[in-house]
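The block underneath contains the structure these notes are about, expressed in structure tokens.
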Amino acid sequence: MSRLRWAVQSDHWTPSPSEFELLLSLLPEGERTACTRFTQVQDRKRAVVSRLLQRAAAAATLGLPHSAVLVERTRGGKPYVANKDRPQHAPNWNYSVSHEGDYVILASEPVAICGCDVAAPQQVRRSRGEPLADFFRSFQRQLTASEWASIRAAGTSDAAQEEQFRKLWSLKEAFVKATGEGLGFELGNAEFIITGRTATVSVKGEPRPDWTFHLHELGNGHWVSVARAPPSAVVDAWGGFTATFQKTSFAPGEWQAQLLAPEPPFVTLSVADLLPEGQRGAYEAAGGELF
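Per the working numbering, residue 95 is the first one in the sequence shown, and the count goes up by one each step.
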């Protein structure tokens with residue numbers, strides 16, 4: 095239960111005002127303010143779903159009541175549960191969230207550091223309507239020559255090339271979300287080789303076999319990448335996140351077992367699935383759908 099892969103289709107969710115207000119009331123004041131700061135309805139929905147996902151995941155894994163979950167962020171913006179108690183089977187439990195297009199997603203790991211990213215298809219994510227070549231040009235420095243070659247080798251159609259780009263971009267974002275370094279990392283320094291539904295990374299030309307990556311295809315062409323990274327990869331200037339780690343050294347073969355552990359599929363949840371115990375009746379009364 096500690097290695098979660100959850101997805102919510104927020105794009106098709108149309109909450110009533112009373113339903114939305116009820117969900118906001120389940121969040122701490124600071125998180126409510128952060129959600130309502132967005133002007134676009136879609137952004138507000140994603141913000142609320144993301145925060146509910148985080149609390150539901152922590153409650154399910156750590157046995158905490160929703161109201162007791164303390165979510166903080168590193169200086170680079172990586173969210174984490176600051177409550178320091180971790181179960182023996184998940185001594186470093188942590189998670190990553192992402193949203194784009196139709197989906198808000200969460201992935202978590204019991205020991206490895208998790209990073210995830212969802213990349214929406216071109217027609218969802220690009221609104222300017224420029225030719226694909228022009229779109230690619232704006233990302234020229236973020237991908238390596240080898241990665242651009244893999245995009246060209248994916249096929250002659252825009253759809254095939256854009257799909258390969260989407261996979262690579264989600265891998266790079268998952269890498270950064272695992273480390274928590276944020277905008278300080280130059281994406282072109284991480285080079286990925288995709289083999290089926292897995293990928294390997296080299297950083298500044300050096301292979302990193304202590305990382306592993308898995309790719310998932312969600313509905314409507316959305317690609318998700320999930321990274322598993324060693325605890326030593328985390329960039330945490332304030333030290334709050336790393337203070338929650340209870341296991342940072344590994345016997346021979348122990349770390350490899352974490353990398354080779356089976357990758358679970360993503361499970362699609364409803365907003366109602368994220369509610370704390372005792373709130374489903376109130377949610378239904380406010381106009382929410384339970385199923």
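From the three backbone atoms N, C-alpha and C, an ideal C-beta is built for every residue, glycine too. Keep in mind it's a predicted model, so treat the numbers as computed, not measured.
In its own chain, which residues sit with a C-beta less than 6 Å from the C-beta of residue i, not counting the 5 before and 5 after it?
i, result
"E357", "H308"
"V218", "The pLDDT assigned to V218 is 46, lower than 50, so where the model puts this residue is not dependable; a value taken from the coordinates is nonetheless given after this. Here the set comprises G195."
Heavy atom of the ligand COA less than 7 Å from the Cβ of residue i, yes or no?
i, result
"H106", "Of the ligands one can find in the structure shown there are none, so the ligand COA has no counterpart to examine."
Name the one or two DSSP bridge partners that residue i has.
i, result
"A213", "W317"
"W100", "L200, V361"
"P57", "The structure shown does not extend to residue 57, since the chain spans only 95 to 385, so no value can be given for it."
Tell me the DSSP secondary structure of residue i in three-state form.
i, result
"F286", "strand"
"F307", "strand"
"W332", "coil"
"E357", "coil"
"A293", "strand"
"R413", "Here the chain covers residues 95 to 385 and nothing more, so residue 413 does not appear."
"A150", "helix"
"H183", "coil"
"E280", "coil"
Just to confirm before moving on: does the CB-CB distance between residue i and residue j stay below 8 Å?
i, j, result
"S144", "V205", "no"
"F259", "F230", "yes"
"L200", "L98", "yes"
"E93", "D211", "A question about residue 93 goes unanswered here, because the residues of the chain that appear run from 95 up to 385."
"L158", "A152", "yes"
"K341", "K271", "no"
"S96", "W187", "yes"
"T362", "A184", "no"
"V328", "G372", "no"
How many Å lie between residue i and residue j at the Cα?
i, j, result
"K178", "G276", "24 Å"
"S319", "E256", "16 Å"
"L117", "R167", "22 Å"
"Q148", "G249", "38 Å"
"A150", "G382", "17 Å"
"R374", "I245", "46 Å"
"T292", "A379", "44 Å"
"D304", "D137", "35 Å"
"H106", "T130", "19 Å"
Considering only residues of the same chain and omitting the five flanking positions on each side of residue i, which have a CB-CB separation below 7 Å?
i, result
"S112", "A380, G381"
Take residue i and list the residues in its own chain whose beta-carbon comes closer than 8 Å to its own, dropping the five residues that flank it on each side.
i, result
"A141", "A128, C129, F132"
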